[in-house]
Amino acid sequence: MGSRAIGHRAGHRRRTTGALVTAACIVGLSSVTAAPAVADENVPLHSGECKFGADYIKETPWSLQRILTNQMWAYGKGKGIRVGVVDTGIDAQNPQIKDEIGSGGISLVKGKPTDDKVGHGTKVAGIIAARPMKGSGFYGIAPEATVVPFQQTSQEKPGTADSLATAIKKAVDEHVDIINVSQGTAADPRLLPTLERAVKYADIHDVLIVASAGNGGADGGEKDMWPAAYSEKYPNVLAVAASDRNNERAPFSQSGKFVQIAAPGVDMVSTVPDGGNCVDQGTSFAAPYVAGAAALLKAKHDKWTPQQLIWQLEKTAERVRPNRNDFIGWGVVDPVAALNDDTVPTGEPKPDKSSNVADGSNIHPVAVALGESPEDRRARYSIYIVGGGLLAVGTVVGSAIALRDWRRKTGLRTHGEA
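Under mature numbering (1 follows the signal peptide of the UniProt record, and there is no 0), residues -34 to -1, 1 to 384 are what the sequence shown spells out, in order.
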């Protein structure tokens, strides 16, 4: 979920549909012009200066500098993989993304799925599959993957849990391999039966759902964000937190037991409607980073299930701690490591065995004796006995030689000497 556009200022807006009991409004969409859905109360949305048809950002963003791109693309760039983007649409006017937009997209609001007046979905799609282009340092993780827009929220009509569920089901029916959901709701899950059924429908059809964890983490509290929190119940859901440049949790990123992995989510460059690049931040832009990595992995291992894709991404993630935690899950996604490890995943990751002895984990216990042990004492006595015996023999021999020499000098004889 998008948190805010960098350097922008605007009011915090809140809208609700109030139409259905189960229509809990979707949260977390940041916009350059308006907040089309209920915003997270802990993180105000900002908008303003990022205009559509923006200039291209020539520098390669930090989120891409951390990857060895030539190694990441050694096995391909995601060709043949369809990624459904359930969002505000994908603008077909941005040259970095227009050729990656696939067929089958729909709009559940008034308009076309390729007409994104909000910009959120276009940014999400760019992080997944934007093509490298002269004049821009930005590109998507899987630039040959196909992104399919399922527009379920707009500037005029905010999305609901029910419209989100419909979009997920439509995406499954359009034979996507992966669905990116950079939005969610913190409503009571008992009020979300249609959303859960849609997630289960995707699970039955082996479709991976990559969902943002939410931007309500600034207060340090934990709360579930759906559909991301279905990761604890369904094996096809991957919940993604946002990380910073130090591979730690971004301050706004929602924490919780449902968080499985993290990805860069601050100062995120991406595509915007009418061309150009802008900067934004939020778990909204961490999720597509992982979805792009999953697309590369799925293209290489097309028989792997969503569960295996998740295990592989978790197992190979960059960790600052050996165990999973509620802030960044198993660590920050590492696309290159995930692609280079051809071991077929068969279960959840195991905590790392640290090579640092500071935690004592690699120190093996050794028997310690206070003072001299019986073995030491016996060894010492043996040395004394042998040493004493050698000294005695040496003394006797030396005395005999000295006595013989003295007698020769004095002319004395003993019995038997000639």
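C-beta atoms are modelled at their ideal positions from N, C-alpha and C, and glycine is treated no differently.
Option in D154, H141, W192 and D318 with minimal Cα separation from A168: For the residues D154, H141, W192 and D318, the minimum Cα distance to A168 belongs to H141.
Length of the line joining the Cα atoms of S(-4) and T249: Because the pLDDT of S(-4) is 30, which lies under 50, any placement of that residue in the model is unreliable, and the number read from its coordinates should be weighed accordingly. Rounded to whole angstroms, the gap between the alpha carbons of S(-4) and T249 is 14 Å.
Beta-carbon proximity of P239 to T112, cut-off 9 Å: Cβ distance not < 9 Å, so P239 and T112 don't count as in contact.
Of the listed residues D185, F218, Y200 and L174, nearest to D268 (C-alpha basis): It is L174 whose Cα lies nearest to the Cα of D268.
Test item: CB-CB of T119 and V75 under 9 Å: Against a cut-off of 9 Å, the Cβ pair of V75 and T119 comes out as a contact.
Cβ pair count under 8 Å reaching 3, the stretch 253 to 270 against the stretch 91 to 104: Counting Cβ pairs under 8 Å, three or more are found: they touch.
Reduced DSSP secondary structure (H/G/I, E/B, other) of E140: Correct three-state label for E140: coil.
Contained alpha helix (DSSP H) runs [length at least 4] in the stretch 232 to 257, N- to C-terminal order: The stretch 232 to 257 contains no whole alpha helix (DSSP H) run of 4 or more residues.
Alpha-carbon to alpha-carbon, V84 and Q121: Looking at the two C-alpha atoms, the distance is approximately 6 Å.
For A20, the nearest candidate out of S236, E188 and W39 (CA to CA): From the listed residues S236, E188 and W39, the smallest Cα separation to A20 is found for S236.
N- and C-terminal bounds of the beta strand (DSSP E) containing R48: R48 -> beta strand (DSSP E) spans R48 to D53.
Cα-Cα separation, E198 to D172: For E198 and D172, the distance between alpha carbons rounds to 17 Å.
Same chain, Cβ closer than 6 Å to Q273, five either side skipped, listed in chain order: Contacts found: P201.
Pair within 9 Å by beta-carbon distance, S219 and A179: Cβ atoms of S219 and A179: closer than 9 Å.
Endpoints, the beta strand (DSSP E) within which L174 is located: That run of the beta strand (DSSP E) goes L174 to S178.
Beta-carbon proximity of F116 to T26, cut-off 9 Å: No, Cβ-Cβ distance for F116 and T26 is not below 9 Å.
Length of the line joining the Cα atoms of P311 and S102: Taking the straight line from one Cα to the other gives about 37 Å.
Cα-Cα separation, V52 to P124: Looking at the backbone, the Cα of V52 and that of P124 are separated by about 13 Å.
Under 9 Å between C-beta atoms of V232 and D292: No; because the gap between Cβ atoms is not below 9 Å, this pair is not in contact.
8 Å contact criterion, which P315 and K281 should meet: CB distance rounded: Right, the Cβ-Cβ distance comes to about 4 Å (below 8 Å), so this counts as a contact.
Neighbour-count burial assignment, K78, 16 or more Cβ in a 10 Å radius: Its Cβ having fewer than 16 others within 10 Å, K78 is exposed.
Residues near E162 in its chain [Cβ-Cβ closer than 6 Å; skip 5 each side]: Excluding sequence neighbours, E162 sits near nothing in its chain.
P230 - partner residues in DSSP beta bridges: When beta bridges are read from the DSSP output, P230 appears opposite S209.
Proximal residues to G337 (C-beta, below 7 Å), its chain only, five neighbours per side dropped: The pLDDT assigned to G337 is 42, lower than 50, so where the model puts this residue is not dependable; a value taken from the coordinates is nonetheless given after this. Same-chain partners within the cutoff: there are none.
Same chain, Cβ closer than 8 Å to T80, five either side skipped, listed in chain order: Here the set comprises G55, I56, D57, A58, I67, G71 and P115.
Buried or exposed by the 16-neighbour rule on C-beta atoms within 10 Å, applied to A137: Taking all protein chains shown into account, A137 has 16 or more neighbouring C-beta atoms within 10 Å of its C-beta and is therefore buried.
C-alpha gap between P288 and D308, whole angstroms: Distance between the alpha carbons of P288 and D308: 22 Å.
For Q117, the three-state DSSP class (helix, strand or coil): Strand.
Three-state secondary structure (DSSP) of S221: It is a strand residue.
Span of the alpha helix (DSSP H), counted from its first residue to its last, around E162: Note, E162: alpha helix (DSSP H), P159 to I170.
Rounded separation between Q149 and A177 - CA only: Cα-Cα distance, rounded: 7 Å.
CA-to-CA distance, L157 to V299, given in whole angstroms: Cα to Cα, V299 sits roughly 32 Å from L157.
Inter-residue spacing [alpha-carbon to alpha-carbon] between I47 and I63: In this structure, the straight-line span from the alpha carbon of I47 to that of I63 is close to 15 Å.
P301: first and last residue of the uninterrupted alpha helix (DSSP H) it sits in: From DSSP, the alpha helix (DSSP H) with P301 extends over P301 to N306.
Given A40 as reference, the closest of S209, A304 and D139 once Cα atoms are compared: The shortest Cα separation from A40 among S209, A304 and D139 belongs to A304.
Whether D44 touches P109 by CB criterion (9 Å): Reading off the sequence shown, one finds Gly at residue 44, where the question assumed Asp. Yes. Within cutoff.
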